[in-house]
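Trainee:
There are 2 protein chains.
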Amino acid sequence: MQLNDAKMEFVQTWGSIGSAWGIPRSMAQIHALLLASNEALSTEDVMETIKLSRGNVNINMRELINWRLVSKQNKIGERKEFFTAQTDIMSMAQNIVEERKRRELQPVLSLLSKLKNEELEGNEEEVAHFKQLMQELDDFIKQLDQLSEIWLKLKDNFFFKKMIKTMS
Amino acid sequence: MQLNDAKMEFVQTWGSIGSAWGIPRSMAQIHALLLASNEALSTEDVMETIKLSRGNVNINMRELINWRLVSKQNKIGERKEFFTAQTDIMSMAQNIVEERKRRELQPVLSLLSKLKNEELEGNEEEVAHFKQLMQELDDFIKQLDQLSEIWLKLKDNFFFKKMIKTMS
DNA sequence: ATAAACTTTCAATAAATATTGAAAGTTCGA
DNA sequence: TCGAACTTTCAATATTTATTGAAAGTTTAT
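Chains S and A, in that order, give the protein sequences.
Taking the numbering used here, the leading residue of the first sequence gets 1, the next gets one more, and so forth.
Taking the numbering used here, the leading residue of the second sequence gets 1, the next gets one more, and so forth.
(1) Could one say the Cβ of Asp-145 of chain A lies closer than 9 Å to chain S's Cβ atoms, at least one of them?
(2) Note the first and the last residue of the continuous beta strand (DSSP E) segment covering Lys-72 of chain A.
(3) For Gln-146 of chain A and Ile-89 of chain S, I'd like the C-alpha separation in whole angstroms.
(4) Would you tell me roughly how many angstroms separate the C-alpha atoms of Lys-72 of chain S and Glu-149 of chain S, rounded to the nearest one?
(5) Taking the alpha-carbon positions, what's the Asn-199 of chain S to Lys-142 of chain S distance?
(6) Buried or exposed for Ala-6 of chain S, going by 16 or more other Cβ atoms inside 10 Å?
(7) Would you list the residues sitting across from Ser-42 of chain S in a DSSP beta bridge?
(8) Hey, out of S:Lys-116, S:Gly-15 and S:Trp-21, whose CA is closest to Lys-101 of chain A's CA?
(9) Return the chain-ordered list of same chain residues with a C-beta closer than 6 Å to the C-beta of Phe-82 of chain A, the five sequence neighbours on each side being excluded.
(10) How would you list, in chain order, the residues of chain A whose beta-carbon sits under 8 Å from the beta-carbon of Thr-13 of chain S?
(11) Put Glu-125 of chain A into one of helix, strand or coil per three-state DSSP.
(12) Roughly how far, in whole angstroms, is the beta-carbon of Ser-19 of chain A from the beta-carbon of Ala-28 of chain A, given that I think they are within contact range, below 8 Å?
(13) Taking a cut of 7 Å between CB atoms, which residues from the region 78-101 of chain A lie near chain S?
(14) Below 8 Å on the Cβ atoms is my contact criterion, and I expect Asn-4 of chain S with Gly-55 of chain A to pass it. Report the Cβ-Cβ distance as a whole number of Å.
Set out below in structure tokens:
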């Protein structure tokens, strides 16, 4: 099999996965292409390889930079900008987690804290049930946070890793 | 504040969150409404409360049942079907994780195992880089799996929980 | 100051996805 | 067996979201 075919297949798959998780398909595809590439690529390289328009590549590249998944590079003697993906997969995943926490956990948190402090009028049992739901969601989110810290430790602390293994 | 207003706000927020994570808005809304409700609701209850068509509610309800987030209930003396959401948030989250693992991890895994065994033709360095990426992704997915097991333990093993806390 | 090389923007358009609702299907009691 | 009560289906439609590409903007070298 040709390396390039393999790359393209990877790009496509990564694209659908991203799409299923609410990440724009082109953004995921561009990311995949950069991940799979040995060296930095220019906007035009990307345009040609995955057949996307200039604007599309530009906008999604910027978004990838926002997510800290990609960074700009300059090649000496070249005016164009080149881009590379963060190579370490674990840090990459960490960045994705952080970004989504920031974007989507925040609205839930503010809703929860707002509703937890509200005096709710209505049938007593129903109110109790609703309040309990809010409490459980709050606990849940705290646990998620805890889990993401454990993950960090798992990532770079060998001792911790072994300890976990022992307990499994 | 009226309980019902609080419920509706929760329904809306849950809907957008779902949407951001690739879960159809109506599906997430229906789920939220059931979560927030003291008792089982009928298709028509849902239709009226969140203003959705019969077909929409029917299809998304079925999907929620597939995901094991909702179950059918029969009330004696009533012909209609009623629905309730799984009440325990942790188990709910577990089900969502399982479902998504099943749906979206599978394609990556098969791609990886396919590409790992391929003999790739192309520039030696580039091939090496690509192969390394595949390996790293594979490791990463294994670690994700490990993490989801840790979570299970975290969920119902008090001793484990304390241990983790000590180590933090 | 000019022009070439490159990047960014955004209104228009396309594509993907969700939703509707009427009609067909099912179930159940009499 | 019939019909009322309810559920399911799916082609048509609406909505949302992604993408395009031409034009405007920026940077740099001379």
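The beta carbon of each residue, even a glycine, is placed where N, CA and C say it ideally should be.
Mentor: Answer, in terms of the structure:
(1) Taking the second sequence and counting its residues from 1, the one referred to as residue 145 of chain A is at position 145. Taking Cβ atoms only, chain S never reaches closer than 9 Å to Asp-145 of chain A, which makes this a no.
(2) Here the question's residue 72 of chain A lines up with position 72 in the second sequence. Element bounds for Lys-72 of chain A: 70-74.
(3) Position 146 of the second sequence, counting from 1, holds the residue named residue 146 of chain A. Position 89 of the first sequence, counting from 1, holds the residue named residue 89 of chain S. Gln-146 of chain A and Ile-89 of chain S: Cα-Cα distance of roughly 16 Å.
(4) Here residue 72 of chain S is taken as the residue at index 72 of the first sequence, counted from 1. Here residue 149 of chain S is taken as the residue at index 149 of the first sequence, counted from 1. The alpha-carbon atoms of Lys-72 of chain S and Glu-149 of chain S are separated by roughly 29 Å.
(5) The question about residue 199 of chain S has no answer here: the residues shown for chain S are numbered 1 through 168.
(6) Mapped onto the first sequence, residue 6 of chain S falls at position 6. By the 10 Å Cβ count, Ala-6 of chain S comes out buried.
(7) Mapped onto the first sequence, residue 42 of chain S falls at position 42. Answer is S:Phe-82, bridged to Ser-42 of chain S.
(8) The count along the second sequence starts at 1 and reaches residue 101 of chain A at position 101. Closest by C-alpha distance to Lys-101 of chain A, out of S:Lys-116, S:Gly-15 and S:Trp-21, is S:Trp-21.
(9) Taking the first residue of the second sequence as position 1, residue 82 of chain A is located at position 82. If we look at Phe-82 of chain A and ignore the five residues flanking it on each side, its Cβ neighbours are Ala-40, Ser-42, Gln-73 and Lys-75.
(10) Along the first sequence, read from residue 1 onward, the residue named residue 13 of chain S stands at position 13. Within 8 Å Cβ-Cβ: Pro-107, Val-108 and Leu-111.
(11) Position 125 of the second sequence, counted from the start, is the residue given in the question as residue 125 of chain A. It is helical.
(12) Within the second sequence, residue 19 of chain A is the residue found at index 19, counting from 1. Within the second sequence, residue 28 of chain A is the residue found at index 28, counting from 1. That pair is a contact at about 7 Å.
(13) Ile-89, Met-90 and Ala-93
(14) As a first step, residue 4 of chain S must be located in the first sequence, where it is residue number 4. As a first step, residue 55 of chain A must be located in the second sequence, where it is residue number 55. Not a contact, Cβ separation roughly 45 Å.
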